[in-house]
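Protein chains in written order, with this note's numbering: chain A, 1 to 345; chain B, 1001 to 1334.
Just so it is clear, CB atoms sit at the ideal spot from N, CA and C, and this is done for glycine as well.
First comes the structure, then the notes that go with it.
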Amino acid sequence: MTDVKKLVEVINLKKYFPIAGGLFQRTKRAVKAVDGISFDIYEGETLGMVGESGCGKSTAGRAILQLHKPTSGQVLYKGRDLTQLSSAELRAQRPDMQMIFQDPYATLNPRHSVRKIVGEPLVINGKMKKGSLELKDRVAELLELVGMNPAYMKRFPHEFSGGQRQRIGIARVLSLNPKFIVCDEPISALDVSIQAQVVNLMQDLQEQFGMAYLFIAHDLSMVKHISHRIVVMYLGKIMEMTDRNTLFDDPLHPYTQSLNSAVPIPNPEIEITRTRFILEGDPPSPANPPSGCVFHTRCPLVTEECITVEPQFREITPGHFVACHLANTTGGSKIFIPDSKKEPS
Amino acid sequence: MSIILQVKDLVTKFYTLDGVVNAVNGVSFELNEGETLAIVGESGSGKSVTMMSLLGLIPMPPGKIESGSASFNSEEGLCDLLQLSPEEMRDIRGGQIGFVFQDPISTLNPILTIGEQISETLIRHKGLSKEQAREQTIKLLSQVGIPDPELRYKAYPFQFSGGMRQRVVIAIAIACTPKIIIADEPTTALDVTVQAQIIELFKELRDALGVAVIWITHDLGVVAGIAERVLVMYGGRPVEIAQVMDIYKDPKHPYTLGLLRALPSLEAKESKRLKSIKGTPPDLLIPFKHCPFASRCDYAFDRCWEEIPPLISVGEQHQAACFFDLEEGGPRHD
């Protein structure tokens, strides 16, 4: 990865949401939705981000794009700190950085035709004139790119299925040739047979145009499929970050290990024989996170140190980062040694 | 093993302003005592409407059960669930047939304590006194893994997390020792670690109580771990029924095969391109005159466009509704 250029650098990013209370609505506490995360995204790479609901993964995606103003920290895009830009400067930067949302229906204006929806970014950014033939041709080209019939451009969002709406959303995002796209649960609302279509489309587009994705999702198997590297989040912090295969073959953080173990595998032979470790309880509230390591309340390997001292996010082996006191190269943080991952047939 | 529920040719339609929605078009299956049957399908496949028809929960109008029978081997003997009066249905639903839905917060009453809600079931169906019901409820709460059951008896649903709420709903479902539990996407709204907890709890309870379970889901991963038999639905029809191993190892319907191929594998070292199923699910407003999957199927030939394939036996306890023989690579000979 050394010869590849860094596109986005996230440095100690924090986003707190204040909770107001009392007679004068004074800020009493804060929900620490994102609490000091750091990572890089390289050009043309897909970085997967997984975690359970409330872990701050969506907030992180929005804070990176400055859709939520970060509480502190830096986001460098091609070396330029986005958090310090004025709104005009930021707007000039926006075409490069786009977002695909979970619910395609909520992101498409129901009273606009597909032609208007897909073409609007080009008009707003002054690239093409409204109603011009050039614009119409570009919209047709974009629709074809996402596998839709250009003749559909006169239709309205309600006339399409969920998968087609997501394609329309992707066509709109592509209109400005972005270099970096944050995809926030882009396939969670879709049926299994349609999910594969959209994921394939996203991979094809990446091959063709070389943009980087931050792919946020809770479905571990799909994240593994599409990502080059993966970040695991829990209660606003990064627990582990490494490449896709290491995360599944040699996970070091106990949380990653239990996530892996909880994912149902569509193969009855494996499901019946696999040794599972099932976490107890639910994730704590991010408004009142535990002391020390945020995972200590559910961790089976918890020690005195975990309760009081917050673990550092450190590099155990090259490219493999873990926030756990016990993590080392000799299996100190392993919940159990897997029975030699067997895969029949 | 004796059959506890036999559904035959169930047809349910909805008469809407846009036209007639053919939601369920002839579903037949049987459920054995103590067995777990998974019903798998995508949105609009008719899996939930099938179950709501059996439980008498279809709003009528616009819904209408056009035909079919569902013979349930109840404590009072055989009865057809589709012919029961609303009063008779209420005696069975929640008593001999328990159910768990996807979203526990909309299943529970927000202004009653969870203890009251579980007791209510016991008082209504088993005729227990308030005091007996309370005792029984506390036992149930600890059985479904809720800590401090005596304290939690007085708690309200909003004080519980999603996983804990689903445990309460499960406690209600098993309160009257039902013969069947119908679970409609019970873990879909939950996080993956909590989902694993609820699945484990279901397995424990199923084995302890010997209850038959109908598990409705779109998630083939969950099915692999819990089901003994699987029914795959498409366009309001069953397209394949088989033992769980056969569904995954030897699928006989192109749709089942397509679904399995569309899933990414956690085991794979190299990420291969997913094989997606082309096209989109069928429009249920148009009644089928041919195989509902034909337009998306890679193997469709003339006959698939001329008639609807019936479910035929393709192996031991294995049925599929397809004219094409995937093994032979050609049309099936009758």
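Which listed residue (the options) has its alpha carbon closest to that of residue i
| i | options | result |
| --- | --- | --- |
| Val-309(A) | Val-294(A), Pro-318(A), Ser-221(A) | Val-294(A) |
| Ile-1422(B) | Cys-1297(B), Ile-1105(B), Pro-1292(B) | In the structure as shown, chain B begins at 1001 and stops at 1334. Residue 1422(B) is therefore absent and cannot be evaluated. |
| Lys-1179(B) | Cys-1079(B), Glu-1033(B), Met-1051(B) | Glu-1033(B) |
| Tyr-213(A) | Leu-220(A), Ile-226(A), Asp-219(A), Met-222(A) | Ile-226(A) |
| Met-1245(B) | Leu-1260(B), Pro-1238(B), Ser-1074(B) | Leu-1260(B) |
| Thr-1036(B) | Gln-1319(B), Asp-1283(B), Ala-1242(B), Ala-1262(B) | Ala-1242(B) |
| Met-1233(B) | Gly-1077(B), Tyr-1299(B), Val-1040(B), Glu-1328(B) | Val-1040(B) |
| Asn-109(A) | Gly-169(A), Ser-161(A), Leu-122(A) | Gly-169(A) |
| Ser-1071(B) | Phe-1301(B), Leu-1031(B), Pro-1059(B) | Leu-1031(B) |
| Asp-1207(B) | His-1218(B), Ala-1227(B), Leu-1190(B), Val-1223(B) | Ala-1227(B) |
| Leu-90(A) | Lys-69(A), Gly-73(A), Phe-101(A) | Lys-69(A) |
| Ala-1320(B) | Asp-1302(B), Pro-1251(B), Cys-1297(B), Pro-1331(B) | Pro-1251(B) |
| Tyr-1153(B) | Val-1049(B), Leu-1311(B), Ile-1058(B), Ile-1114(B) | Ile-1114(B) |
| Pro-290(A) | Ile-11(A), Glu-43(A), Leu-65(A), Lys-32(A) | Lys-32(A) |
| Glu-45(A) | Cys-183(A), Leu-13(A), Val-192(A), Thr-83(A) | Cys-183(A) |
| Ile-307(A) | Arg-314(A), Cys-299(A), Ile-216(A) | Cys-299(A) |
| Ile-230(A) | Val-4(A), Phe-24(A), Asp-40(A), Leu-13(A) | Asp-40(A) |
| Val-1169(B) | Arg-1296(B), Phe-1202(B), Leu-1151(B) | Phe-1202(B) |
| Ala-1055(B) | Asn-1025(B), Glu-1150(B), Thr-1016(B), Thr-1012(B) | Residue identity check: residue 1055(B) is Leu in the sequence provided, not Ala. Leu-1055(B) has its Cα closest to that of Thr-1012(B), out of Asn-1025(B), Glu-1150(B), Thr-1016(B), Thr-1012(B). |
Host alpha helix (DSSP H) of residue i (start-end)
| i | result |
| --- | --- |
| His-218(A) | Run containing His-218(A): none; DSSP gives neither H nor E here. |
| Glu-304(A) | 304-308 |
| Leu-409(A) | As displayed, chain A neither begins before 1 nor continues past 345, which places residue 409(A) out of reach and without an answer. |
| Gln-1195(B) | 1192-1209 |
| Pro-1318(B) | The displayed chain sequence assigns His, not Pro, to residue 1318(B). First-last for His-1318(B): 1318-1320, but that is the beta strand (DSSP E), not the alpha helix (DSSP H). |
| Ser-1265(B) | Per DSSP, Ser-1265(B) belongs to no alpha helix (DSSP H) and is neither H nor E. |
| Ser-1106(B) | 1104-1107 |
DSSP three-state assignment for residue i, whether helix, strand or coil
| i | result |
| --- | --- |
| Asn-1073(B) | strand |
| Ile-238(A) | strand |
| Glu-343(A) | In this prediction, Glu-343(A) has a pLDDT of 42, which is less than 50 and means its spatial position is unreliable; what the coordinates show is noted afterwards. Three-state result, Glu-343(A): coil. |
| Gly-56(A) | coil |
| Gly-1034(B) | coil |
| Asp-250(A) | coil |
| Ala-1023(B) | strand |
| Thr-330(A) | coil |
| Leu-1017(B) | coil |
| Arg-1229(B) | strand |
| Arg-276(A) | coil |
| Ser-1119(B) | helix |
| Asp-1250(B) | coil |
| Asp-1080(B) | strand |
| Gly-292(A) | coil |
| Ile-1114(B) | helix |
| His-1125(B) | helix |
| Pro-1331(B) | strand |
| Val-1011(B) | strand |
| Gln-1096(B) | coil |
| Leu-259(A) | helix |
First through last residue of the beta strand (DSSP E) which encompasses residue i
| i | result |
| --- | --- |
| Gln-1243(B) | 1237-1243 |
| Leu-1055(B) | Leu-1055(B) -> not in any beta strand (DSSP E); alpha helix (DSSP H) instead, spanning 1047-1055. |
| Tyr-1255(B) | Unbroken run through Tyr-1255(B) is the alpha helix (DSSP H), 1254-1261; no beta strand (DSSP E). |
| Ala-1338(B) | Only positions 1001 to 1334 of chain B appear in the structure, and residue 1338(B) is not among them; the question remains open. |
| Asp-946(B) | Residue numbering for chain B in the displayed model covers 1001 to 1334; residue 946(B) lies beyond these limits and cannot be assessed. |
| Cys-183(A) | 180-184 |
| Val-50(A) | 46-50 |
| Ile-1312(B) | 1312-1315 |
| Thr-71(A) | Note, Thr-71(A): premise wrong, no beta strand (DSSP E); not H, not E. |
Residue-level contact to chain D via CB, residue i, 8 Å cutoff
| i | result |
| --- | --- |
| Ile-278(A) | Structure shown: chain D not included; protein chains present are A and B. |
- Interface positions of the segment 234-259 of chain A facing chain B (Cβ-Cβ less than 8 Å), listed along the chain: Arg-244, Asn-245, Phe-248, Ser-258, Leu-259
- For the segment 1128-1185 of chain B, list the beta strand (DSSP E) runs that are entirely contained and at least 3 residues long, ordered along the chain. 1180-1184
- Item | chain B contacts made by the segment 176-193 of chain A, where a contact means CB separation under 8 Å | Asp-191, Val-192, Ser-193
- Residue ranges of each beta strand (DSSP E) run of no fewer than 3 residues wholly in the segment 2-40 of chain A, ordered along the chain? 6-21
- Message: So if I threshold CB-CB distances at 8 Å, which residues from the segment 53-66 of chain A count as touching chain B?
- Response: Ser-53
- Item | Runs of alpha helix (DSSP H) lying entirely within the segment 74-161 of chain A, each at least 4 residues, in chain order | 87-93, 104-107, 114-124, 133-145
- Query: Using a Cβ cut-off of 7 Å, which residues of the segment 1211-1223 of chain B contact any Cβ in chain A, in chain order?
  - Reply: His-1218, Asp-1219, Leu-1220, Gly-1221, Val-1222
- Message: Against chain A, which members of the segment 1256-1267 of chain B pass a CB distance test of less than 9 Å?
- Response: Gly-1258, Leu-1259, Leu-1260, Arg-1261, Ala-1262, Leu-1263, Pro-1264, Ser-1265, Leu-1266, Glu-1267
- Note down, in chain order, all residues in the segment 1172-1193 of chain B with a beta-carbon under 7 Å from any beta-carbon belonging to chain A. Asp-1191, Val-1192, Thr-1193
- Message: Give me the subset of the segment 1091-1118 of chain B whose CB atoms are less than 8 Å from a CB atom of chain A, sorted by chain position.
- Response: none
- Query: Got a sec: which bits of the segment 1238-1250 of chain B sit with their beta carbon under 7 Å from any beta carbon on chain A, in order along the chain?
  - Reply: Val-1244, Met-1245, Tyr-1248
- Selection of the segment 322-336 of chain A by Cβ proximity to chain B, strictly under 9 Å: none
- Query: Taking any Cβ of chain A, which residues in the segment 1026-1051 of chain B have a Cβ under 8 Å from it, in chain order?
  - Reply: Glu-1042, Ser-1043
- Query: Between the segment 89-118 of chain A and chain B, which residues of the former have a C-beta closer than 9 Å to a C-beta of the latter?
  - Reply: none
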